[in-house]
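Residue numbers (our numbering), protein chains in the order written: chain A, 177 to 497; chain B, 632 to 919; chain C, 14 to 272.
Taking it in order: structure first as structure tokens, then the write-up.
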Amino acid sequence: MNTHVSLILKLIAVIAIACVPLSGESFYVELVAKMLLMAIFAMSLDLLVGFTGLVSFGHAAYFGIAAYSVALFSANFGQMSLWVLLPAAILLSALAALVIGFFAIRTKGIYFIMVTLAFAQMAYFVFHDTPVGGGSDGMFLDARPSTAIGSWVPFDLDNELHMFYFALAMMLLVYAFLQRVLQSPFGRVLMGIKSNEHRMQSLGYYTFGYKLAAFSLAGGLGGVAGFLYAVLFGYVTPELLSWHESGNVLLMVILGGMGSLVGAVMGAFVFEAMREFFADITKYWQLLMGSVIVALVLFMPGGLTAIPGRIKRALQGGAAK
Amino acid sequence: MDFASFLIQTLNSLQYGLLLFLVASGLTLVFGIMGIINLAHGSFYMIGAYIAFVLTSATGSLMLAIALGIPLALAIGAFLEWALFSHLYKRDHLEQVLLTFGLILIFEQLRSILIGDDVHGVAIPAFLDMSIQLTEVMSYPVYRLAISAVCIVLAIALYYVIQRTRLGMMIRAGNDDRTMVEALGININMMYRVVFALGVALAALAGMLAAPISSVYPNMGSSVLIISFVVVVIGGIGSVWGALVAALIVGFADTFGKVLLPEISGMIVYLVMAVVLLWRPEGILKKA
Amino acid sequence: MNATTRAPEVLLEARKLTRRFGGLVANQDIDVTLERGMIHVLLGPNGAGKSTCINMLSGDLPPSEGEIRYLGQDITRLTAAQRSQVGIGRSYQRTNIFPQFTVLENVRLAAQSRRQQPWRIFSKAMEAKWALEKAHACIEEAGLGKRTDWVSGVLSHGEQRQLEIAMVLATDAQVLLLDEPLAGMGSEESANMVQVLKRLRQTRGILLVEHDMDAVFAVADRITVMVNGQLLECGPPAQIKASVAVQQAYLGTEDSLHV
Chain A
177 MNTHVSLILK
187 LIAVIAIACV
197 PLSGESFYVE
207 LVAKMLLMAI
217 FAMSLDLLVG
227 FTGLVSFGHA
237 AYFGIAAYSV
247 ALFSANFGQM
257 SLWVLLPAAI
267 LLSALAALVI
277 GFFAIRTKGI
287 YFIMVTLAFA
297 QMAYFVFHDT
307 PVGGGSDGMF
317 LDARPSTAIG
327 SWVPFDLDNE
337 LHMFYFALAM
347 MLLVYAFLQR
357 VLQSPFGRVL
367 MGIKSNEHRM
377 QSLGYYTFGY
387 KLAAFSLAGG
397 LGGVAGFLYA
407 VLFGYVTPEL
417 LSWHESGNVL
427 LMVILGGMGS
437 LVGAVMGAFV
447 FEAMREFFAD
457 ITKYWQLLMG
467 SVIVALVLFM
477 PGGLTAIPGR
487 IKRALQGGAA
497 K
Chain B
632 MDFASFLIQT
642 LNSLQYGLLL
652 FLVASGLTLV
662 FGIMGIINLA
672 HGSFYMIGAY
682 IAFVLTSATG
692 SLMLAIALGI
702 PLALAIGAFL
712 EWALFSHLYK
722 RDHLEQVLLT
732 FGLILIFEQL
742 RSILIGDDVH
752 GVAIPAFLDM
762 SIQLTEVMSY
772 PVYRLAISAV
782 CIVLAIALYY
792 VIQRTRLGMM
802 IRAGNDDRTM
812 VEALGININM
822 MYRVVFALGV
832 ALAALAGMLA
842 APISSVYPNM
852 GSSVLIISFV
862 VVVIGGIGSV
872 WGALVAALIV
882 GFADTFGKVL
892 LPEISGMIVY
902 LVMAVVLLWR
912 PEGILKKA
Chain C
14 MNATTRAPEV
24 LLEARKLTRR
34 FGGLVANQDI
44 DVTLERGMIH
54 VLLGPNGAGK
64 STCINMLSGD
74 LPPSEGEIRY
84 LGQDITRLTA
94 AQRSQVGIGR
104 SYQRTNIFPQ
114 FTVLENVRLA
124 AQSRRQQPWR
134 IFSKAMEAKW
144 ALEKAHACIE
154 EAGLGKRTDW
164 VSGVLSHGEQ
174 RQLEIAMVLA
184 TDAQVLLLDE
194 PLAGMGSEES
204 ANMVQVLKRL
214 RQTRGILLVE
224 HDMDAVFAVA
234 DRITVMVNGQ
244 LLECGPPAQI
254 KASVAVQQAY
264 LGTEDSLHV
């Protein structure tokens with residue numbers, strides 16, 4: 177696609193999203209805010225799956241760890257400053273990813289998928305089976321973080337609209353950040369690893385370190401999403417770390433087509449919309465969702481972003497006859 | 632811990648480990664031979680348990696339920712291989728993960744629609760419903776011993792099949808080289824179907840055997856699946872004997888962990904996995 | 014032509030390299046010495062253990078026994094990445110590139126490996142002038158200047174081999190380990206590559222595994238002949254040509270020499 181056209185389309189999309197609160201319906205504002213934070217989550221996983229070639233099936237762990245750190249910090253220290261709490265949550269989830277990655281990155285392929293899943297499950301058990309975070313019931317957030325800098329309060333996270341635009345701003349920030357990272361020498365190395373890791377090693381790259389850095393970075397960015405979730409909904413449960421969530425976010429990435437940040441965002445929006453839509457029309461929404469996933473894999477390799485190409489090819493094929 | 636409780640825990644570890652082996656052996660065979668990662672494998676365990684529940688309620692006998700359930704599970708396995716998994720062989724792991732993830736949602740929802748979300752018990756067959764007195768105050772249920780015995784018999788049978796039969800030869804060959812197997816004129820598609828159905832039946836049987844002890848409940852497959860992953864990682868993908876050793880290690884680590892280190896019991900098997908990953912990332916039975 | 018007349022600088026020295034796979038001995042007590050300004054060819058029939066040998070030198074395969082020194086330093090235990098960093102570069106028998114990337118990006122990545130600054134995640138890779146200039150220079154040196162912006166996966170086989178050379182060059186390698194760089198090339202491509210190799214020899218040391226006998230004798234300064242994992246004979250081309258032992262060893266395997 178032409179870069180100007182693509183930029184204009186992106187701008188239109190952002191403006192459209194920014195206009196959602198004009199509907200005046202809290203339901204939609206909250207839903208789209210959730211889509212925005214899920215988009216961050218999906219982009220963070222795409223850094224691993226789509227750009228580094230690491231299929232992590234335990235990404236919900238870092239989302240959940242950040243969400244729980246919001247709840248736990250607030251429970252222990254009362255209302256905290258956003259400017260302390262957000263970095264702390266990111267740091268903790270990045271740290272967790274660093275430790276888990278240290279073990280998981282020794283493995284490849286199917287092993288890596290299983291090991292990341294197993295470690296995420298371990299994190300799930302920590303919150304589910306121990307009293308640390310309120311057990312299986314989870315915890316409520318006593319107070320949303322304050323945004324005050326000195327006596328100046330730039331915005332208020334208790335305000336639905338402010339929260340919405342904060343989520344939008346964070347999504348754009350993460351998008352810009354990842355865009356930049358992918359253009360950096362570091363990002364190029366990750367893509368090289370995805371393409372041919374063995375060759376990268378024989379060119380003198382210590383790929384373990386790069387992969388671990390990417391894993392940790394993705395964990396930290398997943399933490400941004402988890403932080404927003406906890407602040408938006410005001411409660412956390414162990415299910416945030418469950419492997420269903422890890423599967424869901426992987427699905428968003430695939431849905432959008434791996435290796436495309438815009439795709440990951442689209443995947444997150446479509447997935448959440450489907451979840452709402454199916455849950456709306458039937459209580460058996462999982463059955464529909466499962467069937468859609470199975471059909472997607474069987475009939476549509478490449479995800480959403482591959483659709484224009486497929487249509488184009490189909491048309492050209494028709495014209496050639 | 633005195634000797635009697637040590638003995639009880641040992642028997643429990645064995646029983647749990649052997650049951651895990653039934654689930655994990657199917658998983659590792661399907662991984663090793665077909666190169667497929669199957670997240671829905673835990674659902675087969677769940678399906679087995681629910682088959683046991685439904686058929687035991689209908690016939691009044693767990694033995695009869697198992698006798699009917701095994702062919703049923705084989706048929707389900709063969710059907711799924713034909714309808715879905717046979718399309719996945721040349722796809723990458725990611726697509727396999729997704730499709731089988733979708734299957735879990737479908738299976739769980741169907742379970743919910745057909746049977747509901749309640750927890751159900753399954754009666755132990757009368758002739759096994761007793762216990763052996765170990766000391767004056769401690770006894771051990773015969774049914775658990777029977778499970779271990781069945782699993783041991785199955786492990787021996789599996790060993791025989793893999794080492795001594797034509798199917799086993801195909802399995803061992805297929806493990807290494809698909810083209811070679813095809814060059815030998817072996818129908819690889821049929822072999823895949825048989826192996827997959829076998830894997831499903833083993834997992835389902837594990838579910839049927841476990842149903843009276845654990846009762847049947849929603850999402851019972853997922854915890855078993857993840858522990859089976861740990862078993863396969865520790866044992867080495869594709870290695871049935873690795874799976875046996877690893878299942879026993881996990882069985883002992885988990886059972887004794889709950890007694891000796893109850894605070895972190897949920898994490899112990901994962902810590903064992905972490906140690907194995909540092910020591911031997913390819914699993915304990917893979918040649919270094 | 015003969016670089017051994019002056020006191021030569023020994024770049025790479027392997028002593029008694031042995032590699033066993035289970036019971037099979039793929040390499041036994043192989044000695045290899047590579048000096049700057051020299052093309053040293055590893056010759057031998059298929060299955061003689063040439064690739065095993067080059068894999069041990071590059072760090073892709075740990076030797077069972079033996080010692081490897083680079084500029085006098087023991088590098089036997091270094092990984093492939095570490096050996097690349099000290100100055101040993103290699104190409105592979107089966108083309109090993111980043112097929113989705115352009116020729117420029119393939120070589121730029123190779124150049125970038127010499128100055129890794131992974132923490133600078135906000136700088137743009139394409140704005141690092143030194144890496145780009147290096148990449149362009151190496152592409153020219155390998156004779157691929159016309160293909161700079163092509164996606165490497167669509168290049169001809171011969172061009173992909175040239176690309177591999179360019180990538181090794183971009184890593185500033187002093188030792189080039191080239192596994193059959195002429196395999197599958199047409200005669201013109203092959204002749205071009207021989208010119209490239211001769212040019213590269215002036216400042217580096219090249220160890221070559223090659224089947225193409227004409228090319229071997231056209232470029233070799235020294236030849237080591239391997240048979241069945243053993244070192245048969247080592248010496249200048251004239252000596253190898255005249256060697257009775259080599260002729261006897263090759264008599265029955267004439268065909269495989271010309272593959």
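Positions of the beta carbon are idealized from the N, C-alpha and C atoms, including for glycine.
- With a cut-off of 8 Å on Cβ pairs, the segment 854-871 of chain B is not in contact with the segment 703-721 of chain B, counting fewer than three such pairs.
- Within chain A, the residues placing a beta-carbon under 7 Å from that of K137/C are Q359 and S360, ordered along the chain.
- Against chain A, the beta carbon of P131/C has neighbours under 8 Å at P361, F362, V365, G385, Y386 and A389, listed in chain order.
- For K29/C, the enclosing beta strand (DSSP E) begins and ends at V23 to F34.
- Under a criterion of Cβ atoms nearer than 8 Å, the residues of chain B adjacent to L463/A are, in order, L736, I737, Q740, L741 and I744.
- When secondary structure is reduced to three states using DSSP, C195/A falls in the coil class, being assigned neither helix nor strand.
- Three or more beta-carbon pairs drawn from the segment 704-718 of chain B and the segment 823-836 of chain B are found closer than 8 Å, and the two stretches are therefore classed as touching.
- For L122/C, the closest Cβ of chain A is nearer than 9 Å.
- Interface residue (Cβ-Cβ distance to chain A less than 9 Å): A144/C is classified as such.
- The beta-carbon distance between R32/C and N40/C, rounded to whole angstroms, is 4 Å. This is short enough to meet the 8 Å contact definition.
- R282/A reaches chain B at L908 and P912, counting residues in chain order whose Cβ is nearer than 7 Å.
- In this structure G423/A does not touch A273/A by the C-beta definition: roughly 18 Å separates them, more than the 8 Å allowed.
- Any Cβ of chain C closer than 9 Å to the Cβ of L221/A would place that residue at the interface, and such an atom is absent.
- Between the segment 358-375 of chain A and the segment 255-265 of chain A there are fewer than three inter-stretch CB-CB distances shorter than 8 Å, so the stretches are not counted as touching.
- Within the same chain, Cβ atoms closer than 6 Å to the Cβ of I778/B are found at Q646 and L840, the five residues on either side in sequence being excluded.
- Using a 10 angstroms sphere on the CB of G326/A, the tally of other CB atoms stays under 16, which defines it as exposed.
- Taking the CA atoms as reference points, G62/C sits about 8 Å from V240/C.
- For the segment 241-258 of chain C, the beta-carbon criterion of a distance under 9 Å to any beta-carbon of chain A is satisfied by none of its residues.
- For A296/A, the CB contacts under 7 Å within the same chain, skipping 5 residues up- and downstream, are G234, A236, A237, L417, W419 and S422 in chain order.
- Around the beta carbon of E894/B, fewer than 16 other beta carbons sit within 10 angstroms, so the residue counts as exposed.
- Looking at L354/A, L212/A, F203/A and L223/A, the one whose alpha-carbon comes closest to that of I193/A is L212/A.
- With fewer than three CB-CB distances shorter than 8 Å, the segment 665-679 of chain B does not count as touching the segment 886-901 of chain B.
- In the DSSP assignment, the residues bridged to T237/C are L55/C and C247/C.
- Inclusion of L426/A and L230/A in the CB contact set at 9 Å is not warranted, their separation being larger than that value.
- The alpha-carbon of G254/A is positioned some 50 Å away from that of G873/B.
- Comparing alpha-carbon positions, the option among A258/C, A155/C and R96/C lying closest to V209/C turns out to be A155/C.
- In this structure, the beta-carbon distance from T641/B to F883/B falls below 9 Å.
- If only complete runs of 3 or more residues are kept, the segment 84-149 of chain C shows the beta strand (DSSP E) at 101-104, in order along the chain.
- Under DSSP, Y411/A shares a beta bridge with F316/A.
- Within its own chain, the residues whose Cβ lies closer than 7 Å to the Cβ of A183/C, once the five positions on either side in sequence are excluded, are V120, A123, A124, K147, A148 and C151, listed in chain order.
- Using a Cβ distance threshold of 9 Å, I793/B and P772/B do not count as a contacting pair.
- About 11 Å separates the CB atoms of A319/A and S257/A; that is not less than 8 Å, and the two are not in contact.
- V164/C places its beta carbon 9 Å or farther from that of Y83/C.
- S770/B and V781/B have their alpha carbons spaced roughly 21 Å apart.
- If you draw a straight line from the Cα of Y382/A to the Cα of A842/B, it comes to about 49 Å.
- Contact annotation: in the segment 142-170 of chain C, residues whose CB is within less than 9 Å of a CB in chain A are A144.
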